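Asker: In this note's numbering, the protein residues as written are 95 to 261.
Every residue, glycine too, gets a C-beta built ideally from N, C-alpha and C.
Only a predicted model underlies this, so the values are computations on that prediction, with no experimental measurement involved.
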Amino acid sequence: LIVVALAGPRMAHDRTETQASGIDIMLVLDLSWSMMALDMSGPGERTTRFDIARSVLEDFIGRRESDRIGLIVFSAVPYLASPLTLNHGFLVQNLNRLHVGLIRELGTAIGDATAAGVKRLQTLKDSKSRVLIMLTDGDNNKGDIDPLPAAELAAAAGARLYTIGIG
95 LIVVALAGPR
105 MAHDRTETQA
115 SGIDIMLVLD
125 LSWSMMALDM
135 SGPGERTTRF
145 DIARSVLEDF
155 IGRRESDRIG
165 LIVFSAVPYL
175 ASPLTLNHGF
185 LVQNLNRLHV
195 GLIRELGTAI
205 GDATAAGVKR
215 LQTLKDSKSR
225 VLIMLTDGDN
235 NKGDIDPLPA
245 AELAAAAGAR
255 LYTIGIG
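(1) Around the C-beta of residue 165, are 16 or more other C-beta atoms found within 10 angstroms, so that it is buried, or is it exposed?
(2) Do residue 155 and residue 182 have their beta-carbon atoms positioned less than 9 Å apart in this structure?
(3) For my contact list, residue 140 and residue 131 are in at a C-beta cut-off of 8 Å; report their separation, rounded to the angstrom.
(4) From residue 187 to residue 105, what does the alpha carbon distance come to, in whole angstroms?
(5) Please state whether DSSP places residue 140 in a helix, a strand or coil.
(6) Which full runs of the alpha helix (DSSP H) of 4+ residues lie inside the segment 148 to 195, going along the chain?
(7) Would you please state the rounded distance, in angstroms, between the beta carbons of residue 203 and residue 236? I believe it to be under 8 Å.
(8) Between which two residues does the beta strand (DSSP E) harbouring residue 124 extend?
(9) Tell me the rounded alpha-carbon separation between residue 99 and residue 159.
(10) Going by DSSP, what residue range makes up the beta strand (DSSP E) through residue 204?
(11) Taking the alpha carbon of residue 256 as the reference point, which residue from 248, 228 and 234 has its own alpha carbon closest?
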């Protein structure tokens, strides 16, 4: 009994339950080359549009502790950078790994990225509210889906779409 007591056995709980508000937020971030413009930096600073967008998103993620948040990045094609998750540390880590030029295809496919975000939001049936937030600086010049039909798709799926223009 002394040996067992010294070994310090513990009961492991491999399951954690977290209460969430039920809001699912898909962030959609433009990684096209135009995001490297320095037009938003102050005198003597070298801050790109992408740096500002990343900083704003990191602050936003930190304020939404009980919401599931995902991240899609796009240039000429959209890619899933993070699925919807409550693990915001993982999400911020993935956000900080991103850089302009990561996606080799040139252009800005706003419609395709919006549709990809809507598709991800539709997979979850237990969501109280679905929100898609797009941060971009450009016009749609690539992709198979135009932005207006993609926005209509979001509305049909019950997702609110917010666009934030940078630059």
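Answerer: In this structure, then:
(1) buried
(2) Yes, the Cβ-Cβ distance between residue 182 and residue 155 is below 9 Å.
(3) Contact flag wrong, Cβ pair sits at about 11 Å.
(4) 31 Å
(5) coil
(6) 182 to 191
(7) A Cβ-Cβ distance of about 4 Å is found for the pair residue 203 and residue 236, placing them in contact under the 8 Å criterion.
(8) Counting along the chain, the beta strand (DSSP E) containing residue 124 begins and ends at 117 to 124.
(9) 40 Å
(10) Run containing residue 204: none in the beta strand (DSSP E); it sits in the alpha helix (DSSP H), 204 to 216.
(11) With distances taken between Cα atoms, residue 256 lies closest to 228.
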